[in-house]
Amino acid sequence: MTTYAKTEYWSSNMNYQAVTLDGSDGSLLLNVASQASDENSPSSIYYASSITSSGDVTVAGGTSLTVYGDVKVTGSLNIDDENVTVGGTVSGGAVTISGGATLKTGYVTSTIIFGTSPTNSSASNTLIVTNYSEIINIENLSPRDVIEFDNGETTSLSVKGNTLVDQTGAVVANVTFASGYSASDFSFSGDTATVTCYLRDTAINTTRGNVAVQDIALGDHVLAYAGDATSSRRVVWAGRASCIVDSSLPDDLAGYPVRILKDAISAGAPFKDMLVTAEHCLLLEGKFIPVRMLVNGRSIFYDKTIASYDYYHIETEDHSVIMADGVLTESYLDTGNRSSFRQTGKVVSIGGSRKLSWNDAAAPLDVTRAFVEPLFREILDRSESLGCPVVNEGSPLSYDTDLHLITESGAIIRKISETDGRSVFVIPNGVNELRIVSNASRPSDVIGPYVDDRRYFGVAVGEVMLHEGRRSRSVVEHLSLVDLDGWNALEAETARWTTGDALLPLGERNWPYAALLSVQIIAAGPYALDTQGFMKDQRRA
């Protein structure tokens with residue numbers, strides 16, 4: 001364990017300032033986190049105009065630090081479990097990235113050293129360079145490290161001796177590898193963000209039979225399907241990552257794996273229970289469908305007995321329809337979301353994303369209700385005929401809006417009357433803006449998962465009138481301001497849906513007394529009761 005001669009905490013008066021870190025008299029630890037006594041300092045994101053460090057300095061805290069200008073290092077700088085974004089240049093002495101830290105910078109002339117790997121197996125030490133004109137020196141590169149050249153121009157990288165070269169053959173970095181590794185141990189690919197993959201022991205149909213997905217390696221060949229024809233496709237990338245479920249989120253976002261029971265689709269499809277992530281696609285009637293849209297609570301359901309797991313995916317040179325557990329599904333499609341994976345074996349992910357889209361897919365993606373709902377109903381009917389018990393009950397519904405207003409100070413205002421869909425509230429003097437708060441739900445929850453609309457809808461607000469004495473005026477900002485906080489997109493001239501917590505500016509008020517506010521609710525509900533706790537937590541956050 002490192003012993004630091006002194007420790008400093010970030011304080012609110014450091015924000016947006018030029019910060020000097022002096023570790024010349026002994027090692028300095030800057031904990032980028034608020035002290036309990038510093039109530040004005042933000043809790044997770046911190047800012048500086050520039051940073052100058054001298055001596056032995058460590059920046060840590062598990063938070064995010066944005067530096068708008070340059071970082072100048074005299075001595076050494078260690079970034080440990082901290083996300084640091086630099087708008088300018090990182091220059092001077094060596095910078096070590098360790099403990100799952102990320103350094104994102106426009107330019108870097110300092111030597112970058114990859115340090116201790118994070119304890120979380122799904123995390124990595126990451127360097128992201130958005131602009132570069134000089135060759136970068138990188139040391140101690142290991143399979144838990146990621147380098148990304150995110151300048152929109154680098155599309156591929158390869159090793160030439162101890163250098164990385166881009167698709168034009170230009171050298172972008174000099175590299176030394178960690179002990180026990182060499183250039184031949186690594187492959188090079190892009191970055192990542194959306195998780196669409198298989199869980200451990202999913203059987204992939206290969207040229208040597210069914211092979212567990214975790215045992216498939218670069219250079220293996222899987223069978224690809226196109227109509228009645230099959231062909232062999234080489235695996236060019238195999239990745240693994242880990243997930244810890246966040247049960248506070250809705251099921252489709254929480255990270256729960258989806259269990260597809262044996263024979264759920266048809267006899268032998270799948271031939272055993274299959275576990276995939278919610279966004280993974282199955283091929284049905286020639287089109288891809290995310291499995292979350294087929295969850296019926298019986299034969300296809302979120303397996304809430306699994307709180308954490310490893311997940312895997314494989315990529316072929318061209319996107320392919322492959323077979324997993326007897327079901328036609330997809331190989332990995334690199335839409336720019338690769339960085340959350342760690343490649344299996346002694347592999348590191350380096351380079352720019354392929355930035356593919358569904359236009360590059362082996363089959364079209366179809367998330368329309370007209371296509372998905374009949375298939376959903378067919379699979380649900382089959383589950384009932386097979387006697388599959390209900391595992392996940394659907395949420396009970398309510399039409400109670402729980403409509404109220406919240407002032408800038410946090411005071412709650414309840415309606416005093418309601419007539420013909422118009423709710424009336426008493427608004428104190430001096431209140432110039434309010435939030436319209438209500439229950440809210442997603443069409444995918446209240447109608448069915450076969451509706452690919454996961455926006456939150458609270459209430460549809462029509463005419464709003466402010467009555468101050470004998471003077472009345474319309475409040476129309478919600479019908480005109482495109483980016484007004486807490487509102488869904490403008491889709492009609494006379495009404496607009498809130499997301500459950502919507503800002504309503506009242507404009508300048510000169511009336512020295514309380515006023516009446518009339519809010520017309522055009523439509524509301526129903527609401528899935530299971531999600532209302534999540535919505536309240538979001539508002540408190």
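Heads up: the sequence shown begins at 1 in full-length UniProt numbering, then just goes up one per residue. Glycine included, C-beta positions come from ideal geometry on N, C-alpha and C.
If the criterion is Cβ atoms closer than 8 Å, does the pair residue i and residue j meet it?
i, j, result
"TYR327", "ALA269", "According to the sequence displayed, residue 327 carries Val and not Tyr. Contact flag set, yes."
"PHE288", "PRO374", "no"
"ASN137", "ASN162", "no"
"ARG496", "LEU490", "yes"
"VAL236", "GLU315", "yes"
"ASP166", "VAL159", "no"
"ASN78", "THR58", "yes"
"ILE413", "LEU405", "yes"
"LEU434", "LEU380", "no"
"SER385", "ALA528", "no"
"VAL67", "VAL86", "yes"
"PHE301", "ASN392", "yes"
"TYR407", "GLY458", "In the sequence as presented, Tyr is not what sits at residue 407; that position holds Thr. Result no, Cβ atoms of THR407 and GLY458 do not sit closer than 8 Å."
"THR27", "ASP56", "Correcting the residue identity first, residue 27 is Ser in this sequence and not Thr. Closer than 8 Å, so yes."
"ARG233", "ALA241", "no"
"THR130", "VAL146", "no"
"ILE135", "ASP150", "no"
"TYR456", "ARG369", "no"
"VAL276", "LEU333", "no"
With distances taken from CA atoms, which of the options is nearest residue i?
i, options, result
"ILE265", "LEU249, THR277, LEU294 and ASP246", "LEU294"
"ALA515", "LEU333, VAL424 and GLU378", "VAL424"
"THR401", "THR116, SER383 and VAL461", "VAL461"
"SER438", "SER417, TRP487 and VAL476", "TRP487"
"LEU141", "THR96, ALA523 and ARG454", "THR96"
"LEU249", "ASN31, ARG509 and LYS304", "LYS304"
"LEU30", "GLN214, SER117 and TYR9", "TYR9"
"ALA492", "VAL476, GLY500 and ARG233", "VAL476"
"GLU494", "ASP483, HIS478, ALA502 and GLU508", "Residue identity check: residue 494 is Thr in the sequence provided, not Glu. Nearest option by C-alpha distance: HIS478."
"VAL84", "MET274, ASN359, ALA60 and ALA267", "ALA60"
"LEU403", "SER518, GLY286, ALA370 and SER308", "SER518"
"THR7", "VAL32, ALA18 and MET14", "VAL32"
"GLY500", "ILE436, TYR309 and SER472", "ILE436"
Going by DSSP, name the residue or residues bridged to residue i.
i, result
"ILE427", "ALA515"
"ALA524", "VAL459"
"CYS388", "According to DSSP, CYS388 bridges with nothing at all."
"ASP22", "SER54"
"LYS262", "The partner list for LYS262 (beta bridge, DSSP) is empty, contrary to what the question assumes."
"LYS104", "THR85 and ILE128"
"HIS319", "The partner list for HIS319 (beta bridge, DSSP) is empty, contrary to what the question assumes."
"ALA241", "TYR311"
"SER474", "MET465"
"TRP497", "ALA460"
"ASN359", "Paired residue(s): none; ASN359 is not in a bridge."
"ASN31", "TYR9 and ALA60"
"GLY75", "GLY55"
Taking the straight line between their C-alpha atoms, what separation do you get for residue i and residue j?
i, j, result
"SER331", "VAL321", "6 Å"
"THR20", "SER49", "11 Å"
"GLY239", "ASN205", "17 Å"
"LEU481", "GLU463", "15 Å"
"ASP251", "PRO257", "9 Å"
"ALA36", "THR102", "Here the model assigns ALA36 a pLDDT of 38, short of 50, so the residue's position is not dependable and the matter cannot be decided."
"SER349", "CYS388", "Because SER349 carries a pLDDT of 39, less than 50, the predicted location of this residue cannot be relied on, and the following value inherits that uncertainty. Approximately 42 Å, taken between the alpha carbons."
"THR192", "GLY421", "Reliability fails at THR192, whose pLDDT of 25 lies under 50, so the model's placement of it is uncertain and the value that follows must be treated cautiously. Answer to the nearest angstrom: the Cα atoms are 47 Å apart."
"TYR46", "PHE271", "52 Å"
"VAL367", "SER441", "20 Å"
"VAL195", "LEU484", "Note on VAL195: pLDDT 41, under 50, position unreliable in the model; the coordinate value appears next. Straight-line Cα distance between these residues: approximately 31 Å."
"SER110", "TYR16", "23 Å"
"CYS281", "MET274", "13 Å"
"LYS262", "ASP325", "9 Å"
"ILE113", "ASP22", "21 Å"
"SER383", "SER299", "6 Å"
"PHE371", "ILE447", "15 Å"
"ALA178", "ILE216", "25 Å"
By the three-class DSSP mapping on this structure, what secondary structure does residue i have?
i, result
"GLU408", "coil"
"GLU8", "strand"
"PRO290", "strand"
"HIS313", "strand"
"LEU479", "helix"
"THR96", "strand"
"SER444", "helix"
"ALA60", "strand"
"ILE379", "helix"
"GLU508", "coil"
"ARG414", "coil"
"LEU207", "For the sequence presented, residue 207 should be read as Thr rather than Leu. Coil."
"PHE114", "strand"
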